[in-house]
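Protein chains: 2
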Amino acid sequence: MRIQDAVSRRTFMGAVSAALGFLGLEPQGELLSSSLLQGRGQRGQRAGQAGDQGGRRNAEDYDTLAKLANNENPYGPSESVTKAMTDAFKYANRYGYPDGGVNQAIAQHHNLKSENILTGAGSGEILNAAGQAFLKDHKLVVGAEPTYGSVFSVASGIKKDAIRVPLLPDYRLDIPGIIKATHTHYRDVGFVYICNPNNPTGVIVTKQEIQQLLDGIPGDVPVLIDEAYHHYVNDPNYATSVPYVIEGRPVIVARTFSKIAALAGVRFGYALAPRELIEQMRTYSTGSTSALAKWAVVASLKDGENEAKVKSVTLALREKTTAQLKELGYDVIPSQANFFMVHVKTDITPVIEEFRKRKVLVGRKFPPMDEYLRVSVGNESEMDRFIAAFKEISPGKQQAQAAKTSA
Amino acid sequence: MRIQDAVSRRTFMGAVSAALGFLGLEPQGELLSSSLLQGRGQRGQRAGQAGDQGGRRNAEDYDTLAKLANNENPYGPSESVTKAMTDAFKYANRYGYPDGGVNQAIAQHHNLKSENILTGAGSGEILNAAGQAFLKDHKLVVGAEPTYGSVFSVASGIKKDAIRVPLLPDYRLDIPGIIKATHTHYRDVGFVYICNPNNPTGVIVTKQEIQQLLDGIPGDVPVLIDEAYHHYVNDPNYATSVPYVIEGRPVIVARTFSKIAALAGVRFGYALAPRELIEQMRTYSTGSTSALAKWAVVASLKDGENEAKVKSVTLALREKTTAQLKELGYDVIPSQANFFMVHVKTDITPVIEEFRKRKVLVGRKFPPMDEYLRVSVGNESEMDRFIAAFKEISPGKQQAQAAKTSA
Chain X
804 MRIQDAVSRR TFMGAVSAAL GFLGLEPQGE LLSSSLLQGR GQRGQRAGQA
854 GDQGGRRNAE DYDTLAKLAN NENPYGPSES VTKAMTDAFK YANRYGYPDG
904 GVNQAIAQHH NLKSENILTG AGSGEILNAA GQAFLKDHKL VVGAEPTYGS
954 VFSVASGIKK DAIRVPLLPD YRLDIPGIIK ATHTHYRDVG FVYICNPNNP
1004 TGVIVTKQEI QQLLDGIPGD VPVLIDEAYH HYVNDPNYAT SVPYVIEGRP
1054 VIVARTFSKI AALAGVRFGY ALAPRELIEQ MRTYSTGSTS ALAKWAVVAS
1104 LKDGENEAKV KSVTLALREK TTAQLKELGY DVIPSQANFF MVHVKTDITP
1154 VIEEFRKRKV LVGRKFPPMD EYLRVSVGNE SEMDRFIAAF KEISPGKQQA
1204 QAAKTSA
Chain B
804 MRIQDAVSRR TFMGAVSAAL GFLGLEPQGE LLSSSLLQGR GQRGQRAGQA
854 GDQGGRRNAE DYDTLAKLAN NENPYGPSES VTKAMTDAFK YANRYGYPDG
904 GVNQAIAQHH NLKSENILTG AGSGEILNAA GQAFLKDHKL VVGAEPTYGS
954 VFSVASGIKK DAIRVPLLPD YRLDIPGIIK ATHTHYRDVG FVYICNPNNP
1004 TGVIVTKQEI QQLLDGIPGD VPVLIDEAYH HYVNDPNYAT SVPYVIEGRP
1054 VIVARTFSKI AALAGVRFGY ALAPRELIEQ MRTYSTGSTS ALAKWAVVAS
1104 LKDGENEAKV KSVTLALREK TTAQLKELGY DVIPSQANFF MVHVKTDITP
1154 VIEEFRKRKV LVGRKFPPMD EYLRVSVGNE SEMDRFIAAF KEISPGKQQA
1204 QAAKTSA
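Residue numbers (my numbering), protein chains in the order written: chain X, 804 to 1210; chain B, 804 to 1210.
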């Protein structure tokens, strides 16, 4: 593990792809290269602006791409959700309007009270609020490396400090390592961040490991458990951490409607936590969600059928694609999410570019896993295009041949 | 003028209607009483949750109300804007997507560069970012009283400090007073806030006064000029402050698509400022706007015809209604916005309730203007209902009679 040094604002603004992805603080209108167009929150949003650099033509280009870079749901919102948004157009001009009882709906969904909920424009805003609330006074965040946007903290807007605990050789989070780091740096730790299942690996933290973590660290250290990919998990050793919130333990569960509900572009996420923690975070949240998002969310919570359909087709395509890759001789990290990592045995930077040439967008690099390509599970045709491109590129093999030739 | 004392978090959370309206930090799911349903940003959004307390029935109730409380545009977005949002549904599931070049479109619209623009989910988020950026280290904001959400600052999330300069007897901002206060408290001033035209009065700050202000205060004090109601102004003594941004002076102009563009519920606003100031604010902005909002904004910028139509009908109805009130013997503050204040010569709290009983929502109280009712300009039928209710209620007269009876 290592502690990031305090850095200057300039350096901080430069080290964006990791740090800012985590805290949702990416500068707008920057970072337009397509290799950065992944993850959730601002990074991806900028992508749109990137896509638009060339105007309308690029909107058409965009439609032709196989979009396997951002862990999006390729099917889009269900009909009932689209209808709910259309119906909500009549509130487009209003501040105060009936919102379908979105907060109550979320509370009921989780057997919690409204006071236990903080909503935001995507879970990026939730993570941002947590960062600002719990990392004041130069506190540190403890987390895995790699994880979603890497674990970084922003204190005073100009420093980033994080204790990053490498994954175990089997790609699981090193829970004993995270516990030990939390104890060692106890006075400086603002919170612990866990992404479950973890992004970019798709590997879960088991319910036993979550229990071990919560029992193993000092009782006043909040643990933020980011369950963005919750809905895709089948492994019986996984469980949501919501019951810890109900128990009143210092646990914040972050959820998003960007994944299974296919509302990434509509922006709605929320945190579940004991009231005191929610209030601390609320100070740093604008909670500025749109009327369309609220009604979409209410409709989405009722549409279990679509959720089940998306899960089923996504997992089937994930299994099919990973089996094909294994047949081609590549190792794939077993995933419980709507993405997976394939070990291509060579640095992925040129590989990403090769896919890009074939109009297939794949995930960016997640150091230190520089030889692992993260692939989101798109629709059937996108996965076929991915496999076709993969066969052409034959990553690793090509590199080895190139090395042979130049030797 | 007076300086707000530092207050405890509890008190701070209690003093919401003014302070939180300004900084967009209102607790979610609270403050559900309809008397608080005004202004822009979070306060209004909560209103919707209020409206929904009774479920579907209240959505129907909402439709029957004359909505003159929130300075909304009663006509809703134009057809081209609604179409743009519908077309953008195809990006609902995406992070990275073509966004119509929204940042470039705004930049071009103002003859500025993308680096001079910060977008956010409504101008509430912009004001919030400014507050967090410029009021660090317990700095103070200087502004008028009353003004939008009153002038307050949030430093460290638990304190609010503001220097509030009362309006002049003719309801204009006291620019010499604001200059003097800025000099007196120079070391502690984070920024100056000007709402132009001012909310709740609708009175403009003239271009000469803006010049006087900028030339009169120390050159390193940023001035945030909130031009939310810019599009409704006809007075030739008014001018936008965007040219000062182009000149590179420390001016931040805030704009919103919530008013003339009728997109309050869709959430999109922006700041224009020199690059350095934008970068300071960006750190505190999630910039998490929706795909639908971005495309709506691009379409809206192109729809000057609709803008002109909304302005024309709104000003005509404002003039008609204020003439009717004058005929009834009431003074009205001459307004340059889509709302106006009528002097009802009695405390407005029970008056607001009387309107509410007649299904007419009017503005809340803006201390110390306790006898002035703020009325948003709705559509023709809403204004007819307002005048009918006003005649029935006869504020002031009734109070005088009641006093006579009980004496």
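Every residue gets a Cβ at the ideal spot worked out from N, C-alpha and C, and that includes glycine. The structure displayed is predicted, hence computed values, not measured ones.
| Item | Value |
| --- | --- |
| Can you give me the C-alpha to C-alpha distance between residue 1176 of chain B and residue 1153 of chain B, rounded to a whole angstrom? | 11 Å |
| Whose C-beta lies closer than 8 Å to the C-beta of residue 904 of chain X among residues of the same chain, with five residues either side of it excluded? | 1101 |
| Does the stretch 1056 to 1070 of chain X come into contact with the stretch 891 to 905 of chain B, if we say contact requires no fewer than three beta-carbon pairs (one atom in each stretch) closer than 8 Å? | yes |
| Please list, in chain order, the chain X residues whose beta carbon lies closer than 9 Å to that of residue 1110 of chain B. | Chain X residues near residue 1110 of chain B: none, gap ~14 Å exceeds 9 Å. |
| On a Cα-Cα basis, can you pick out the residue from B:989, B:1032 and B:999 that is closest to residue 1022 of chain B? | B:989 |
| CB-CB under 8 Å to residue 1147 of chain B, same chain, minus the five flanking residues each way: which ones, in chain order? | 1133, 1154, 1174, 1175, 1176, 1198 and 1199 |
| Return the CA-CA distance between residue 872 of chain B and residue 910 of chain X, expressed in angstroms with no decimal places. | 29 Å |
| What residues from the stretch 1091 to 1110 of chain B come within 9 Å of chain X, judged by C-beta to C-beta, listed N to C? | 1091, 1092, 1093, 1094, 1095, 1096, 1097 and 1099 |
| Could you tell me which uninterrupted alpha helix (DSSP H) segments, each at least 4 residues in length, are contained entirely in the stretch 978 to 1064 of chain B, listed from first to last along the chain? | 978 to 987, 1010 to 1019 and 1045 to 1050 |
| What separation, rounded to the nearest whole angstrom, lies between the Cα atoms of residue 973 of chain X and residue 1191 of chain X? | 29 Å |
| So the candidates are X:942, X:945, X:863 and X:971; which of them puts its Cα closest to the Cα of residue 1171 of chain X? | X:971 |
| So residue 931 of chain X contacts chain B; which residues on that side make the cut at Cβ distance below 7 Å? | 1089 |
| Grouping DSSP H, G and I as helix and E and B as strand, with all else coil, what is residue 945 of chain X? | strand |
| Just tell me which of B:941, B:883, B:1037 and B:886 has its CA closest to the CA of residue 1118 of chain B. | B:1037 |
| To which residues of the same chain is residue 1211 of chain B closer than 8 Å at the C-beta, ignoring the five residues directly before and after it? | Here chain B has residues from 804 to 1210 only, and residue 1211 of chain B is not among them. |
| Would you report the Cα separation of residue 1145 of chain B and residue 985 of chain B, rounded to the nearest angstrom? | 31 Å |
| Between the Cα of residue 936 of chain B and the Cα atoms of B:870, B:1027 and B:1016, which residue gives the shortest distance? | B:1027 |
| Below 8 Å between beta carbons: does that hold for residue 932 of chain B and residue 1098 of chain B? | no |
| Of all Cβ atoms in chain B, is any one closer than 8 Å to the Cβ of residue 1194 of chain X? | no |
| At least one CB of chain B closer than 8 Å to the CB of residue 892 of chain X: is that the case? | yes |
| Who are the near neighbours of residue 1196 of chain X in its chain, counting only those whose CB is closer than 6 Å to its CB and skipping five residues on each side? | 1157 |
| For the beta strand (DSSP E) containing residue 758 of chain X, name the first residue and the last one. | Absent from the model: residue 758 of chain X. The displayed extent of chain X is 804 to 1210, so no value can be given. |
| Could you name the residues of the stretch 1043 to 1074 of chain B whose beta carbon sits closer than 8 Å to any beta carbon of chain X, in the order they occur along the chain? | 1061, 1065, 1066, 1067, 1068, 1069 and 1070 |
| Could you check if residue 914 of chain B is buried or exposed, using at least 16 other CB atoms within 10 Å of its CB as the buried criterion? | exposed |
| I want to see whether chain X comes within less than 8 Å of residue 1180 of chain B, judged by CB atoms only; does it? | no |
| Nearest to residue 927 of chain X by alpha carbon, out of X:1121, X:1029 and X:1077? | X:1029 |
| Touching or not, the stretch 914 to 925 of chain X and the stretch 1045 to 1058 of chain X, by the rule of three or more beta carbon pairs under 8 Å? | yes |
| Residue range of the beta strand (DSSP E) that residue 870 of chain B falls in? | 869 to 871 |
| Once DSSP output is grouped into helix, strand and coil, what is the label at residue 921 of chain X? | strand |
| Can the beta-carbon of residue 889 of chain B be found less than 8 Å from the beta-carbon of residue 1092 of chain B? | no |
| For residue 865 of chain B, would you say it is in contact with chain X, using Cβ-to-Cβ distances shorter than 8 Å as the test? | yes |
| I need the boundaries of the beta strand (DSSP E) containing residue 1072 of chain X, first residue and last residue. | 1072 to 1075 |
| Quick one: is residue 866 of chain B buried, meaning 16 or more other Cβ sit within 10 Å of its Cβ, or exposed? | exposed |
| What span of residues does the beta strand (DSSP E) with residue 797 of chain X cover, start to end? | With chain X covering 804 to 1210 only, the question about residue 797 of chain X has no answer from this structure. |
| Closer than 8 Å between beta carbons: that is the criterion. Which residues of the stretch 895 to 913 of chain X meet it against chain B? | 895, 896, 897, 898, 899, 900, 901, 902, 903, 904, 905, 906 and 907 |
| What whole-angstrom Cβ distance do residue 946 of chain B and residue 997 of chain B have, given they're in contact under 8 Å? | 7 Å |
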